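Each residue of the sequence shown is one higher than the one before, counting from 9 in my numbering.
Just so you know, even glycine gets a beta-carbon here, dropped at the ideal spot from N, CA and C.
Because the structure is a prediction, the values reported are computed rather than measured.
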Amino acid sequence: GHGQDGVAMAQGSVNAWINDYEEALAIGREIGDKVIVIGTSTGGSLAAWAATQPGASDGVAAIAFISPNFGVKASGAELLTMPWGRQIAELVGGKERSFPARNALHEKFWTTKYPMKAVLPMAALTELAYTAPVEKAKIPALFIFSDSDKVVRPDRTREIAGRWGGPHELVPVDDTGDPDNHVIAGDVLSPQTTRFLTERIVVWVKALMQQQSGQ
Numbered sequence: 009g010h011g012q013d014g015v016a017m018a019q020g021s022v023n024a025w026i027n028d029y030e031e032a033l034a035i036g037r038e039i040g041d042k043v044i045v046i047g048t049s050t051g052g053s054l055a056a057w058a059a060t061q062p063g064a065s066d067g068v069a070a071i072a073f074i075s076p077n078f079g080v081k082a083s084g085a086e087l088l089t090m091p092w093g094r095q096i097a098e099l100v101g102g103k104e105r106s107f108p109a110r111n112a113l114h115e116k117f118w119t120t121k122y123p124m125k126a127v128l129p130m131a132a133l134t135e136l137a138y139t140a141p142v143e144k145a146k147i148p149a150l151f152i153f154s155d156s157d158k159v160v161r162p163d164r165t166r167e168i169a170g171r172w173g174g175p176h177e178l179v180p181v182d183d184t185g186d187p188d189n190h191v192i193a194g195d196v197l198s199p200q201t202t203r204f205l206t207e208r209i210v211v212w213v214k215a216l217m218q219q220q221s222g223q
């Protein structure tokens with residue numbers, strides 16, 4: 009993920025991410041009373057897929073999705089999961105992908121240049137999440153997103169939320185600091201929304217815990 013160098017970005021795989029997720033949940037179960045997952049972008053893809061798989065989300069009390077990735081908005085993104093997807097992507101976009109940092113913190117914490125092949129496992133996981141039987145998901149979910157997201161497809165977020173089998177709420181966010189409306193909280197790109205969204209998640213979780221304790 010972001011924060012590593014470009015070479016490290018290319019080492020990611022769907023299986024490795026799944027294993028990391030299971031390890032993180034195991035640690036959460038060990039040290040906490042309740043496990044609340046907050047998944048951003050492709051982390052949301054992973055959490056959604058895991059919520060539909062037997063044993064993959066044991067002990068998870070709730071999931072808060074922030075700008076979940078159920079489909080990349082860039083034209084031609086569907087080619088990434090097809091045979092010869094890497095070759096086609098490199099032919100069209102080159103062997104490396106890069107973007108300019110918006111500020112010093114963005115430069116520090118994001119990986120602004122990485123091999124094009126690094127996006128292939130992301131695309132594969134996104135497809136797994138979008139096609140997962142989320143109607144079977146029973147974990148309460150909060151979907152925080154922007155309908156103006158320029159990176160991922162908010163229409164698919166609404167679709168997944170509509171199909172979600174467990175209790176769920178949608179929190180559309182309009183005014184963010186990110187010009188792409190994808191990183192919709194955090195000091196780096198959207199500091200003005202951080203407090204509101206933090207409080208929104210906390211209020212939602214507390215209400216869930218009260219409901220569960222009353223059952």
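Could you tell me the distance, in whole angstroms, from the CA atom of residue i to the CA atom of residue j?
i: His114; j: Lys144; result: 37 Å
i: Lys158; j: Lys42; result: 34 Å
i: Thr50; j: Ile192; result: 14 Å
i: Leu178; j: Asn111; result: 30 Å
i: Tyr29; j: Lys125; result: 22 Å
i: Ser65; j: Arg37; result: 11 Å
i: Ala24; j: Phe117; result: 21 Å
i: Pro108; j: Lys121; result: 9 Å
i: Ile46; j: Lys103; result: 32 Å
i: Phe67; j: Trp212; result: Per the sequence shown, residue 67 should be read as Gly rather than Phe. Roughly 18 Å separates the two Cα atoms.
i: Ser221; j: Lys214; result: 11 Å
i: Ala69; j: Ile44; result: 6 Å
Here's the rule: buried if 16 or more other CB atoms are within 10 angstroms of the residue's CB, otherwise exposed. What is residue i?
i: Glu135; result: buried
i: Trp92; result: Any reading at Trp92 must be qualified, since the residue scores a pLDDT of 47, below 50, and its modelled position is unreliable; no value is offered.
i: Ile35; result: exposed
i: Asp186; result: buried
i: Pro148; result: buried
i: Ala32; result: exposed
i: Ser106; result: exposed
i: Ile39; result: exposed
i: Ala210; result: The question names Ala, yet the displayed sequence has Val at residue 210. Val210 comes out exposed.
i: Thr139; result: exposed
Using only CA atoms, which one of the options lies nearest to residue i?
i: Gly170; options: His190, Val159, Val191 and Pro141; result: Pro141
i: Ile26; options: Val179, Glu38, Ala55 and Arg37; result: Ala55
i: Arg203; options: Val181, Ser221, Asp188 and Gln220; result: Val181
i: Asn310; options: Ile74, Phe117 and Pro108; result: This structure leaves residue 310 out entirely; the chain is present only between 9 and 223.
i: Gln19; options: Ala69, Arg208, Phe107 and Met130; result: Met130
i: Thr183; options: Ala64, Phe153 and Trp57; result: Checking the sequence, you will find Asp at residue 183 rather than Thr. Cα-wise, what sits closest to Asp183 is Phe153.
i: Gly173; options: Leu150, Val160 and Ser156; result: Leu150
i: Leu216; options: Pro199, His176 and Arg37; result: His176
i: Pro62; options: Arg208, Leu205, Lys146 and Gln200; result: Lys146
i: Thr206; options: Arg110, Asn23 and Ala72; result: Ala72
i: Val8; options: Lys103, Leu128, Pro123 and Gly40; result: Residue 8 lies beyond the stretch modelled for the chain, which goes from 9 to 223, so this question has no answer here.
Can you name the start and end residues of the alpha helix (DSSP H) that residue i belongs to?
i: Arg208; result: Pro199 to Ser221
i: Phe151; result: No alpha helix (DSSP H) contains Phe151, which is instead part of the beta strand (DSSP E) from Ala149 to Phe153.
i: Val160; result: Per DSSP, Val160 belongs to no alpha helix (DSSP H) and is neither H nor E.
i: Lys121; result: No alpha helix (DSSP H) holds Lys121; the beta strand (DSSP E) holding it covers Lys121 to Pro123.
The beta strand (DSSP E) that contains residue i, what's its start and end?
i: Phe78; result: Taken as a continuous stretch (DSSP letters only), Phe78 belongs to no beta strand (DSSP E), as it is neither H nor E.
i: Arg105; result: Glu104 to Ser106
i: Glu177; result: His176 to Pro180
- Count the C-beta pairs between the segment 70-79 and the segment 161-169 that are closer than 8 Å, then say yes if the count reaches three, no if not. Remark: three or more beta-carbon pairs, one from each stretch, lie closer than 8 Å, so the segment 70-79 and the segment 161-169 are flagged as touching.
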